[in-house]
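Take a look at the structure set out below.
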Amino acid sequence: MGFLIDMLREAWDLLTSFDPEFRSILWLTLLVSGAATAIGVVVGVPLGVALGAGRFRGRGAAMALVNTGMGMPPVLAGLVLLLLLWNDGPLGAWGLLFTPIAMIAAQALLAIPIAAGVTAGAVRGLPPEAHEQVRALQLGRWARGVVLAREAWPGVAAGAAAAFGRVVSEVGAVLVVGGNIEGETRVLTTAIVQEARRADFGAALALGIVLLVLALTVNAFLTWFQLREA
Amino acid sequence: MKVAITGVDRDIGAGRRLVIDRLEFEPATTTVLFGPNGAGKSSLVRILSGTLPGGPGIPVAYLPQRPYVFRGPARRSLLLGLDDDGGSRAVELAERLGVAGILGRRARELSGGERRRLGLARALAGPERVVALDEPFSDIDVVDRADVRSTVAEAIAGRAAVIVTHDRDDAAAIGDRLVVLVAGSVRQAGPVAEVLALPADEIVAGVLGAANLIPGTVQDRADRLVGLDAGFGVVWGMGDAPRGSSAVAVFGAETVTVYRGHDAGTGSARNRWAGVVEATRPVGRLIEVAVEVGTGRLVALLTPGSSDALDLHEGAEVTLAAKATAVRIMVR
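If you read the protein sequences in the order shown, they are chains V and E.
The opening residue of the first sequence carries number 10 in the numbering used here; numbering runs sequentially from there.
The opening residue of the second sequence carries number -17 in the numbering used here; numbering runs sequentially from there.
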């Protein structure tokens, strides 16, 4: 019991001291996961609306692909990007490996299917009358999608939150393409792995608490928004 | 714009199919789609409007059977997809339909009738040359119905319009042509008065309820009682058509009493017309009697017993009577 209390005290000290290394880790985490989520929303939401509302060939196959993507192991997304960005790989000349940009790209691969899949479900779940009314309005394809996305927005927002929750908490992708370089590509999850391995449990716990608070903040905000709407 | 639906053969649920070889809708003509529940009326207008595949693929102003109001104030749903001109038409229509006061409210605060009026204003405000309205007058109060009908009639004037209803009065008041749909196929199509007065068969007669529809001019009125000059005589009925307006009297064939001879004595029925039996035919378990009254033609429905007792044959002289309270007189 005394061990756990010591760990918690150490974690508290670390959190309140807010040292520069810790700040840079937090900042990079927000930057990488925030940017990946933004890309996920920009690409995934239109894709999800199309999947949820459209009547086109290949919709079933696309849906299966998105659903698979929702469950893709992060380390696999990291591996795919690693192969692409490796020195001899097709995009090796860009020199992006072990940079935050590579990390953003890897996490975006994870965020897109989540945003798309949750959005598709929300749009498909709208009353049939809403779909019929939208078709009745003689709008263009894009305008129709905007109306549907707005109608299903609590679901769309939940998709964005789920995407952020997934990428901020994953470790496989950022570790493989980022390399966990101190001060450059170290984020909360890779730092936790690092501290745990060094048996610096107080630091690991402190980082874990921050991660939890981050996820809680995003979801509390979303829940408040959705409750206000209902 | 003339518009046609051709070669439709699709599942409409519950083991039924909608099968249409060809159905044309003329410009400046209002076609009323009539039929029992599940006949395929809604599927037909969905196909026409493009919300189901297989239609003509032209822009159609469409009011779904269950109009949907989107998130945000009702005003947003009213104006969605309209340009400035369309928007001001929509607001004007909303005013005439009595929903201008609800534009700041949200969807869940609206009643079924308010949603429908809002949807109507939106559908009618667009520039489309073809209009399809699925049950535009249902859940609209009886007192407002005539107003809503005349607003709709005005808004669709000059366009090809298709209106789904299962109300004979609506059909008579607003339709030029009547298409009777039964179990997924067109059973009869033609001018409204003709189809109402001469149902092609028993099934159509059963669906429509054999009816008399007499056009004329309102010549006299006292309180709610209206006298319509029908050419062959005056038809008294209930309604609020103003004096001098052109109107139509509608009453069911079952409300007409038949007397033998031209001397029918006295009675409380305000309407009495002398005529000659033109034809009789069985309609279900009843007998439909068509009677020539001057230049007009009226129908009555009798039981076989009454028909036999009166010895109604072609050429027999009869007097028809109908209570004014059974006759509705509506502006056209």
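All C-beta atoms in this analysis are idealised placements derived from N, C-alpha and C, irrespective of residue type, glycine included.
Original post:
How long is the line joining the alpha carbons of leucine 30 of chain E and tyrosine 50 of chain E, rounded to whole angstroms?
Top reply: Roughly 19 Å between the two C-alpha positions.
Original post:
Taking the C-alpha atoms as reference points, what is the distance between serine 33 of chain V and glycine 192 of chain V?
Top reply: 7 Å
**OP:** Could you have a look at glutamine 147 of chain V and say whether DSSP puts it in helix, strand or coil?
**Re:** coil
Original post:
Residue range of the beta strand (DSSP E) that arginine 253 of chain E falls in?
Top reply: The residue you asked about is not arginine; residue 253 of chain E is asparagine in the sequence shown. Unbroken beta strand (DSSP E) run through asparagine 253 of chain E: 253 to 265.
**OP:** Compute the distance between the beta-carbons of aspartate 116 of chain E and proline 46 of chain E, then report whether it is under 8 Å.
**Re:** yes
Subject >> phenylalanine 233 of chain E versus E:Met312, E:Ala182 and E:Gly257, residue with shortest Cα-Cα distance >> reply: E:Met312
Subject >> Continuous beta strand (DSSP E) stretch holding phenylalanine 233 of chain E: start and end >> reply: Where phenylalanine 233 of chain E is concerned, the enclosing beta strand (DSSP E) starts and stops at 228 to 234.
Original post:
Alpha carbon to alpha carbon, how far is asparagine 194 of chain E from glycine 209 of chain E?
Top reply: Cα-Cα distance, rounded: 16 Å.
Original post:
Can a CB atom of chain V be found closer than 8 Å to the CB of glycine 69 of chain E?
Top reply: Closer than 8 Å: no.
Original post:
In terms of residues, what are the limits of the alpha helix (DSSP H) holding alanine 170 of chain V?
Top reply: 162 to 178
Original post:
Between the beta-carbon of glutamate 160 of chain V and the beta-carbon of arginine 48 of chain E, is there less than 8 Å?
Top reply: no
**OP:** Pull out every residue of the stretch 110 to 144 of chain E whose Cβ sits closer than 8 Å to any Cβ of chain V, in chain order.
**Re:** Glu110
Subject >> Local conformation of alanine 69 of chain V per DSSP, three classes >> reply: Checking the displayed sequence, the identity of residue 69 of chain V turns out to be glycine instead of alanine. The answer is helix: DSSP assigns glycine 69 of chain V an H, G or I state.
Original post:
Which one of E:Val189, E:Leu292, E:Met220 and E:Gly215 has the shortest CA to CA distance from arginine 203 of chain E?
Top reply: Closest by alpha carbon: E:Met220.
Subject >> Assigned exposure category for threonine 226 of chain V - 16 Cβ within 10 Å defines buried >> reply: exposed
Original post:
Using the C-alpha atoms, what's the distance from alanine 158 of chain V back to asparagine 189 of chain V?
Top reply: 37 Å
Original post:
Going straight from the alpha carbon of valine 146 of chain E to that of leucine 60 of chain V, what length do you get?
Top reply: The alpha-carbon atoms of valine 146 of chain E and leucine 60 of chain V are separated by roughly 32 Å.
Original post:
Which residue comes first and which comes last in the beta strand (DSSP E) that contains threonine 301 of chain E?
Top reply: In this chain, the beta strand (DSSP E) harbouring threonine 301 of chain E covers 299 to 304.
**OP:** Note down, in chain order, each residue of its chain lying with its Cβ closer than 8 Å to the Cβ of alanine 229 of chain E, except the 5 sequence neighbours on either side.
**Re:** The beta carbon of alanine 229 of chain E is closer than 8 Å to those of Pro197, Gly198, Thr199, Val200, Val208, Leu210, Gly221, Ala223, Ile311, Met312, Val313 and Arg314 in its chain, skipping five residues each way along the sequence.
Original post:
Rounded to a whole number of angstroms, what is the C-alpha to C-alpha distance between leucine 74 of chain V and histidine 140 of chain V?
Top reply: 24 Å
Original post:
valine 273 of chain E and valine 300 of chain E: beta carbons closer than 8 Å?
Top reply: yes
Subject >> Inter-residue CB distance, alanine 291 of chain E and alanine 251 of chain E (contact presumed, cutoff 8 Å) >> reply: Contact doesn't hold; Cβ gap of about 19 Å is too wide.
**OP:** Evaluate contact between the stretch 103 to 120 of chain V and the stretch 6 to 21 of chain E, counting only Cβ atoms and requiring at least three cross-stretch pairs below 8 Å.
**Re:** no
Original post:
Under a three-way DSSP split, which group does glycine 198 of chain E fall into?
Top reply: strand
Subject >> Buried versus exposed call for isoleucine 267 of chain E [16 or more other C-beta atoms within 10 Å across all chains shown] >> reply: In the sequence as presented, isoleucine is not what sits at residue 267 of chain E; that position holds arginine. Exposed is the call here.
Original post:
So who's on the other strand from glutamate 6 of chain E, going by DSSP bridges?
Top reply: E:Ala(-14)
**OP:** Using a Cβ cut-off of 7 Å, pull out every chain V residue sitting near arginine 394 of chain E, in sequence order please.
**Re:** Beyond the ends of chain E as shown, which are -17 and 314, falls residue 394 of chain E; an answer cannot be given.
Subject >> Boundaries (first-last residue) of the beta strand (DSSP E) holding tryptophan 5 of chain V >> reply: This structure cannot settle anything about residue 5 of chain V, because the visible part of chain V is limited to 10 through 239.
Original post:
Taking only beta-carbon atoms, is valine 155 of chain V less than 8 Å away from chain E?
Top reply: For valine 155 of chain V, the answer is no, since every Cβ of chain E falls outside 8 Å of its Cβ.
**OP:** Go ahead and pull the three-state DSSP assignment for threonine 194 of chain V.
**Re:** coil
Original post:
In chain order, what residues of the same chain lie with their CB nearer than 6 Å to the CB of valine 52 of chain V, ignoring the 5 residues before and after it?
Top reply: Ile121
Subject >> Local conformation of aspartate 310 of chain E per DSSP, three classes >> reply: The question names aspartate, yet the displayed sequence has arginine at residue 310 of chain E. Reduced to three states, the DSSP call for arginine 310 of chain E is strand.
**OP:** May I have a chain-ordered list of the alpha helix (DSSP H) segments no shorter than 4 residues that lie completely inside the stretch 31 to 56 of chain E?
**Re:** Entirely contained in the stretch 31 to 56 of chain E, not one alpha helix (DSSP H) run reaches 4 residues.
Subject >> Classification of isoleucine 201 of chain V by the beta-carbon crowding that lies within 10 angstroms, buried from 16 upward >> reply: buried
Original post:
So the beta strand (DSSP E) phenylalanine 31 of chain V belongs to, where does it begin and stop?
Top reply: That residue, phenylalanine 31 of chain V, is in no beta strand (DSSP E); its alpha helix (DSSP H) goes 29 to 62.
**OP:** Measure from the C-beta of glutamine 235 of chain V to each C-beta in chain E and report whether the shortest distance is under 8 Å.
**Re:** no
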